[in-house]
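Have a look at the structure below, then the notes.
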C-alpha cells in the first residue's frame, strides 16, 4: 500500500483526511461487500505534493499506471485498447465537499479507436458515440472551461442539417459529430483532444488538483474555516452504464422516508438512464417501490443493502445506485437529509430497534427541529407562489392570517365579533396585553427581538414579527404604508413568524403536533440532563402549557402581568395617584383580593411543583396612560383634579425608565405593595395547600437588588409579612425568599447577597442591557448594523454573551454557591431557552433554566445534549490526561 | 507606679488609653515643665475594675488616699483640715470625649470647717462661701441629679429676704445659705451632704465611673463605634482660683490666630473670674494682647509657653489658663480648631518655620478646606439673619445673588442688558448651555447631584442648587411657588451652593482668593503624589482655569459641548436630518471648520501638555428641539418638509437614551462624524505645533466601547483618517488613540481592549449608572430614601462605590496594564475630584485623575495625602511583616 494511491479495498471511512469524503465512503462500501464498481483513490497527500511542486511526479504517474493495470485485471477490460475497453470516471473528493472544485468527467478512456470497440462490444453504435461525445464535451468543459453551449449548438445544427434525430444517426453521422467536436475543442483549448487515454487521465487528475486553488473554493474555505492545506483526493472508478440496456437504470434511494420518517425504502428509479437524467428532470422517474415488480431480485438486493448500511452507519442512508444490464452497482452512500419530523421519528425508531443508544438518539436531534415541529408553518408551495410585501425580525415562530387592526381595543372588539385579527402597531406596551392575547399574530414596525411585543408574544406562543421597518405605521390614521401600497384596517394579511415575512391575503398553513415519540424522547432527555427546565408563566393557561410541555416548575411568574384587567388597572392607578394612606390602603385591599385569586388559580394548576413569583418590577408610570386625554378621563373616573393627576404623572415620568424607580426600589419607597403581594401569595398558598391536601412552598423573588442592605431590608419586609400571615392562620408552611440578579453590581457582590437569599435567578435581559449599556427598546437602531459588520457575533439578547455577561453570571453563581451551599441558582431570561446559551450555562454551577412554555421542549433537549457532550469531553480530557 | 493611679508627672500624652485625653494632656504639660496645678489621674483600668465589681476596692481607696497625701505635701495644704485646706476639682476624662458623662465638680474638700479656714486664709469670707455654695450645688447636680434651679431659686429668695446682694452677705447670711442648701440637698439626694472630704471624693469618683454607662453615653458610643469596654479616667487636681484677687483671672488663648492664621497670640482674658465666667458671657473679656500692659510678666510667660507648646505639639494650640494671685497656671492644651484659611496659613508657616515636614504640612490640610477657600461664601451674620425659603442639593459650591429668569434665552437677554441673573428651571439640557454660562447661579427643581445642571455648573465653577423640590416651577407661566409665596421673573434671590439654600433678597458675600501659600503647598503636594491630576475642560477659558489651578493636562474635552452655538447647532441638525450624502458632506464641512477652530483655540492654551479629546458621545436626538413648534420652525429654516422632520425626530427618539445610539455606536452607524472630528483635531494639532514651535501629541478618545470589534473598527477609522491628514500635510506627528471605559462589559474584556488602546479613561458616571442600573436623571426619586434608610453609604455618583464599581475599575485597570505595559490609565468621571474616591483610586494601577478645573486644587491635595498615607501604611505593614 502506498500513501499516494489506495485501491477501494484498502481504505475505510475513517480515512477522510487522506481519501476525501467520497473516496472514504466508496472504500467503506467496498469493504462492506457491497457491489461497488472497482476503482482507486489518488490521495490528498499526492495533491499536496502536486500543489508544492506544480508537477505530477514520475512516482505518482507510475503508481496510477499500476493501479489502472490492476483495474484492467479486475474488470477483464483493457484501458485504451482491445475489444473490451475500460472506461472510467474521474471525480474530485475533498475531506469537506466544497463548491468550485472540478467535479466529474465520465467515460474517460474513449478515443477514436476504443469508441469503435465499445460500439462493437455493445452492439450499440449510438450508445458508444453518445458516450464519446459526452466525454469530449465534459473534458472541454471541466478541464479547459469551454462553454458547453458551443458543443450543444453544433450538435443541434448537425441534427437539423441531417434532417433526422440523433437516435437515427449512422456511423458517418457520428464521425461528423466527433470531427466537429474536436474542432471546437481544439479552437477553444488551444490543443487537440488527447487520443492517448493516459494523457486523458493525467490531464484530468492535474486539473482536479489545480481546482483546489480556484477562487470560489478559496472563498468558500475562508468562509467556513476549512484549512488551506488539506488538498483534495481524486476518485477513479470503472464506469457502469444505467443507459446501457432495457434492464439498466439508475436510482436514488433513502433507506427510510425522509419526510415523515416511516421505516420503508423511499426513492426513485429511472430505467435506461444515467444519474444526470434524474437530476435534470427531463424524464419522470418511477417510485422505488415499482422496482419490486419490475426487477424483484434487484429490489430484494436493495432492501438487504439498506439494512446492512443502516446497521453499519447507524443512521438513515441516502444512496445512489445504477443497474447495468440487470446487475446492481452502488455508487454512493451518505447520511440522508430529512425533515424535522422525520429526524425525530427516525432517531426514535432506531433507538427502539436498538440500533442506537439513548444518548446517540438525543444527539441526532437538532434543537431547531423542535421549534419547527411545535409551530404551524405556511405550506411550501404557498410561499413559493407569493411575494412578501415586507420583512421584519422573526420574533416568535408560527404562521397566522387575519384582518389588520391598529389598536389593542380594536383587536378586542373585532375578536368579540368573531373575527381573526393581526395587531399591527409601531410598538406595544403593557396596556396592550389584552389585545395581544386575542390576536392571531402581532407585528410592530419598531423594536427588536426582545422588545415588549417580542417577549410577550413568545411567552404566549403567538406568531410575531417586530422591527418591520418596511411598514410605516400611522396608528391614528389606521394605515400602514409600504413600498408599493398601503394596508388599512380590515385588510387580510398572513404573517410568517419564522421568516419575518408579511404577505397579502391568506396563505394555507400546515399544522404539526408534538408527537408521542417526541414526548418519549424528551423524557429520556430529562434523565441525561443536569440542568432542570422551568417555564416562565403566570396565567393558568400558560402554566398548564408549560407543565404539559415538560417544565418541572415555574421559574418566573411576573406579577405585573396580572394588573392589566380594567378593574385592577384602575385600582393600581388609584394607588399610584393616592393622596393619603387611606386611599393607598383602599386600593391595595382591592388589588390584594384580586392577586390572591390569581395566585390560587396559579397554585391550582402548579400544585406543589416549585414556582418562583417575582414581586412587582416595572416603574409605576407604566401603569398610567401616556396620552393627555386619557389622563384627564382617568382623573374624572377616580374623582381627582385633572391638573394634579397630570402633575403626578409628569413627576413619575422618567428619562431612562429602565434605570429608574423599579424593582426592589419600589419596596424601599412604597413598601406596602410588596407587603400586599406577599400576603396574597402566602394566603393563596395556604388555601390551596389545604384544599388540595398538598404542601406548597412559595418562592418569593425580589427583583433588581444591587446592594446587600436593600436585599436585607426587602427580605425582612417579606419575612415579617409572611410570619404574620402564618400566625394569623395558625399554620406553618415553608417559604423561600430569593432575588433576581439583574445588574452587574449584584453579580459582583453575589457572595454577600447569597447569605441573605434562598435562591438566585439571573434576569439575563436586564443584565445584558446593563453590561453592554444597550436598551432593548432602542438597540434595534444599531444592532442590525453591528451584526452586518460583524462587530457582534449575535444579538446578545437572543444568544447569551458568554464573554461579558457570561463572565458576570459565572462569577456570581460560583461566589454565591460558595457563600451559601444551599443556594438554588436559575436563569430565567430570554436566553434560558436558547441552545448556545444553554450549552454555556450547563458548564456553570447553575441548577435550572426557565423559558417561555413554548420553548420548554427545545430547552429540555439542549440541556440533555449539553450535558452528554460535556461528559464526553470530560471523558476525552480524562483519557488524554 | 501603680496602674490604678498616676501622678501627673508619671503619665504622658501617649497614654490616652489609660489616662483619658484630658489626663494624658495634663501629664504631658507637667512633664514639659509648665505650671500645671498638681494632681493625679485615676486610670481607666480602675474604672473597668469598678464596672465589673461594682465597688471601689480597698486597694484603690488606699491608693487615692496616698495620692492625696502626696498632693498635700506638694501643695503644703491639708485635705479637709488645717488652716490651709486643699481644695480639688474632680473631672471625668475618657479616651474619646463624649456627651452624657459626668463632667466636673469644683472646690471639693470644702465642708463646714474648711470653709472657715479658707475664709480666714484668704481673708475673703464671700469667696470662701461662694466656693462652698457652688460645691454643694455641683455635687448635688452632678452626683445626685438635683436640678440646680432649686439651689438658685433658694439663693435668690434669700437675697430678696435679706434685702441686699450676696456681695454684701455677712457670715450669718452665708450660714443661712449653706443651711438652706443642705436642706435641699438632703431632701433630693436622700442623704446629707457629706462633711467627710474623702467621702466627697470617693462618691464623686464612683459617680464618674457609673456615668460611663448612662444612656446618652451608650448611644453616643454606638453611633461613633467607640468600644463599650474602654472606661473613663478621673482627674483630681488642686484648685486654682482666677477669682481670688485683683491679680487673678482666667483666659483662653490660641497660639496663633485661628481665623486667618497670623502667627501671634490670640484670645481673651477676664480678670477676677473663673473659666465659667468667660463661657457664660456674663462679662466681656479683654483681648489677650491687653495682658502685655496689665500683667507683663504673665504675658511674657504665656508667649514662651506658646512657643514651647507649638514646638512640642508641632501645631497651633488652644490653651486654657488661670492666674491666681499673680501666678500663672495652665489648665488645658489641645490642637486648636481653625478656619480653612487659618489651617492653610498655619500649616504653611509651621513648615516654613521648620517645625513640621512637607508631609506633615500636607496631612494638616483637610480636602474640604480647599473647596471652601476657592469659592465665595455668604457672610455668617447674613446667614444668621435670613431664613431660607427653599433647600435643594448643594451641587456646586459658591454664593451668588441675582434676578430670576426661567429660560436660557431670558438669561442671555437679561445679561446683555447688564443684569445679573439666576437661572431657575425644572431641569436643564444641552440647549441651555449659553444661558447657563451667563448666569450667576443655576437652580433646578428636579435632578440629582450629577444631573446635567449639576455637572455643567461644577464644570464652570458656577454656584448651583439642584433637586430643589421645595420650588414648584412653571416655566411657561414663569413662576415658582414655594411654601409661603411665589417667585416671579425679575425677583432678587440669593443662592448658597454650599448649603443648597435659597434666600429672598441679596445677601452679602465674603470672597476668598487662592493664596500664594496654598499654591506653594499644592506644588509640594505634587511632589508627593503618585496620581497626576488633569482637568475636564474644553473651552479656552476653562482650560486656562484648569492649568492655573495646577492641572497637568486635560483629561476630558467633551466635543459635544462645542456644538451648541447657533450656527453649529443648525449645521448639526442639518447633518442629522440629511436625506443624502451631499447634505451630510455639506453639513460636516461647515462643522469641521468650526471644530478645527475650536481645537486650535484649545491647543493655543494647552500647548504641548497632554489633552484627551473625546469624540462625539451623546445620542443625536439631543441636538434636536423637543418642542413640536420648534421642530416645525427648524424644518422651515433648513428647507425641509415639516412632517418628514417630525418623522425623523420621532425615529431618533429613544425610550432609554442612556442605553441607546451614542458613543462609539455613532461611529458604527455614521462614521463620517468621527472622521470629521479626527481630521479637525489632527489639522489643528499640526497648525498649532507649527505656529508655536512645539510638538503636540493629540490623544483621541473613543467613548463607550464594549466590544473588541467595535474598538478595532473605530480605531482603524481614526488611524486611517489621521494617516491621510498627515500625508496630505507631509508631516509626521505622534498621536494616541484610547477609549473611555464606561460600561461593565468593557471592564470585563479590558485585557483584550487594552491591546488596541494607547490609553483607558474610566467614565465613572456612566459606569456607575450601568453597574447599579441607576439613571442619573431619575435616581433622585429614590436615592434620598436610600440614603435616609442607610441602604447606601453615599450617593455613588458623588463618592465612588468601591465595592461594586471600584471592583470593576480595579479589574479593568489591572488586566489592561497586564495586557499592555504602555497603557496609560485615568479616571475622568465626577468622582475624579472626590477625596474618598481618590484615596481608593490611589491604590489601583491608575496614572491620573481628571476633574472640573475648580476641583483640581483639592484633587492635588488628596492625591498627595492618599499616597503619603499609603506609603506610611506600607511601611507599617513592612515593619510588622
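Chains as they are written, first to last, in our numbering: chain V, 1 to 881; chain Z, 1001 to 1881. Glycine included, every Cβ here is placed at the ideal spot set by N, Cα and C. No experiment lies behind these values; they were computed from the predicted model shown.
* Asked: So with Cβ pairs under 9 Å, would you call residue 1615 of chain Z a contact of chain V?
  -> No, residue 1615 of chain Z does not count as interfacial toward chain V.
* residue 623 of chain V touches chain Z at which residues, Cβ-Cβ below 8 Å? -> Within chain Z, no residue has its CB atom less than 8 Å from the CB of residue 623 of chain V, the nearest being about 16 Å off.
* Asked: Using the rule of at least 16 other Cβ atoms within 10 Å of the residue's Cβ for burial, across every protein chain shown, is residue 1311 of chain Z buried or exposed?
  -> By the 10 Å Cβ count, residue 1311 of chain Z comes out exposed.
* Counting Cβ pairs, one atom from each stretch, are 3 or more of them under 8 Å apart for the segment 92-99 of chain V and the segment 14-28 of chain V? -> Short answer: they touch.
* Asked: What does residue 804 of chain V reach in chain Z if we use C-beta pairs closer than 7 Å?
  -> Result: 1745, 1748, 1749.
* Asked: Does DSSP put residue 112 of chain V in a helix, a strand or coil?
  -> Under the three-state reduction of DSSP, residue 112 of chain V is assigned to coil, being neither helix nor strand.
* To do: Please confirm if the segment 1503-1511 of chain Z is in contact with the segment 1394-1408 of chain Z, defined as three or more CB-CB distances below 8 Å between the two stretches.
  => Result yes; three or more Cβ-Cβ pairs closer than 8 Å.
* Asked: How about residue 1432 of chain Z: is its C-beta nearer than 9 Å to some C-beta of chain V?
  -> Contact of residue 1432 of chain Z with chain V is not assigned, every C-beta pair being separated by 9 Å or more.
* **Complete runs of the alpha helix (DSSP H) confined to the segment 376-401 of chain V [at least 4 residues]** => If we require 4 residues or more, the alpha helix (DSSP H) runs fully inside the segment 376-401 of chain V come out as 380-385.
* To do: Could you tell me how far apart the beta carbons of residue 1136 of chain Z and residue 1079 of chain Z are, in whole angstroms, since I believe they sit closer than 8 Å?
  => Rounded to the nearest angstrom, the Cβ distance from residue 1136 of chain Z to residue 1079 of chain Z is 18 Å, too far for a contact under 8 Å.
* residue 1664 of chain Z lies in the alpha helix (DSSP H); which residues open and close that run? -> Per DSSP, residue 1664 of chain Z belongs to the alpha helix (DSSP H) from 1664-1669.
* residue 330 of chain V in three-state terms, based on DSSP -> Note: residue 330 of chain V maps to strand in three-state DSSP.
* If you check the beta carbons only, do residue 1903 of chain Z and residue 1495 of chain Z fall under 9 Å apart? -> In the structure displayed, chain Z extends from 1001 to 1881; residue 1903 of chain Z sits before or after that span and is not available.
* Could you have a look at residue 40 of chain V and say whether DSSP puts it in helix, strand or coil? => Three-state DSSP puts residue 40 of chain V in a strand.
* Inspect the CB distances between the segment 1686-1694 of chain Z and the segment 788-807 of chain V and report whether three or more fall short of 8 Å. => The segment 1686-1694 of chain Z vs the segment 788-807 of chain V: no contact.
* Completely contained beta strand (DSSP E) runs for the segment 738-772 of chain V, where each covers 3 or more residues -> Unbroken beta strand (DSSP E) stretches of 3 residues or longer found wholly inside the segment 738-772 of chain V: 759-762, given in chain order.
* To do: Answer yes or no: do residue 508 of chain V and residue 329 of chain V have a C-beta to C-beta separation smaller than 9 Å?
  => Between residue 508 of chain V and residue 329 of chain V, the CB-CB gap reaches or exceeds 9 Å.
* Asked: DSSP on residue 1585 of chain Z, reduced to helix/strand/coil?
  -> Residue state, collapsed to three classes: helix.
* Where does the unbroken alpha helix (DSSP H) through residue 1718 of chain Z begin, and where does it stop? -> Boundaries of the alpha helix (DSSP H) around residue 1718 of chain Z: 1708-1729.
* Asked: Around the Cβ of residue 1223 of chain Z, are there at least 16 other Cβ atoms within 10 angstroms (buried) or fewer (exposed)?
  -> So residue 1223 of chain Z counts as exposed.
* For the segment 1438-1469 of chain Z, list the alpha helix (DSSP H) runs that are entirely contained and at least 4 residues long, ordered along the chain. => You should have 1452-1460.
* What in chain Z is Cβ-close to residue 713 of chain V, meaning under 8 Å? -> Those within 8 Å of residue 713 of chain V in chain Z are 1789, 1791.
* To do: Indicate whether residue 319 of chain V and residue 306 of chain V have their beta-carbon atoms separated by less than 9 Å.
  => For the 9 Å CB-CB criterion, residue 319 of chain V and residue 306 of chain V form a contact.
* Asked: By how many angstroms is the C-alpha of residue 1210 of chain Z removed from the C-alpha of residue 1228 of chain Z?
  -> If I take the Cα positions, the gap works out to 13 Å.
* Asked: By the 10 Å Cβ neighbour count, where 16 or more other Cβ atoms means buried, how is residue 666 of chain V classified, buried or exposed?
  -> Of the other Cβ atoms in all chains shown, 16 or more fall within 10 Å of the Cβ of residue 666 of chain V; this residue is therefore buried.
* Asked: What is the DSSP secondary structure of residue 1501 of chain Z, counted as helix, strand or coil?
  -> Assignment of residue 1501 of chain Z by DSSP, reduced to helix, strand and coil, places it in the strand class.
* Asked: Roughly how many whole angstroms lie between the Cα atoms of residue 777 of chain V and residue 274 of chain V?
  -> Between the alpha carbons of residue 777 of chain V and residue 274 of chain V lies a gap of roughly 58 Å.
* Asked: Quick one: complete alpha helix (DSSP H) runs, 4+ long, within the segment 1118-1197 of chain Z?
  -> Every alpha helix (DSSP H) stretch that sits fully inside the segment 1118-1197 of chain Z and reaches 4 residues is listed by chain position as 1125-1144, 1148-1162, 1171-1189.
* Kindly say whether residue 1665 of chain Z, judged by its beta-carbon, lies nearer than 9 Å to any beta-carbon of chain V. => Yes, its Cβ sits closer than 9 Å to a Cβ of chain V.
* Pick from Z/1846, Z/1742, Z/1233: whose alpha carbon is nearest that of residue 770 of chain V? -> Closest by alpha carbon: Z/1742.
* Asked: Would the beta-carbon of residue 835 of chain V fall within 9 Å of that of residue 522 of chain V?
  -> Contact: no.
* Report back the beta-carbon spacing between residue 638 of chain V and residue 557 of chain V to the nearest angstrom; my notes put them in contact at under 8 Å. => The Cβ separation is near 28 Å, so there is no contact.
* Asked: In chain order, what residues of the same chain have a beta carbon less than 7 Å from the beta carbon of residue 372 of chain V, not counting five sequence neighbours either side?
  -> Answer for residue 372 of chain V: 340, listed in chain order.
* To do: Indicate whether at least one CB of chain Z lies closer than 9 Å to the CB of residue 656 of chain V.
  => At a cut-off of 9 Å between C-beta atoms, residue 656 of chain V counts as an interface residue with respect to chain Z.
* To do: Count the C-beta pairs between the segment 711-731 of chain V and the segment 620-632 of chain V that are closer than 8 Å, then say yes if the count reaches three, no if not.
  => The segment 711-731 of chain V, when compared against the segment 620-632 of chain V, does not touch it at the 8 Å Cβ threshold.
* Give, in chain order, every unbroken run of the beta strand (DSSP E) that is at least 3 residues long and sits entirely within the segment 1002-1039 of chain Z. => Taken in chain order, the complete beta strand (DSSP E) segments of 3 or more residues contained in the segment 1002-1039 of chain Z are 1005-1007.
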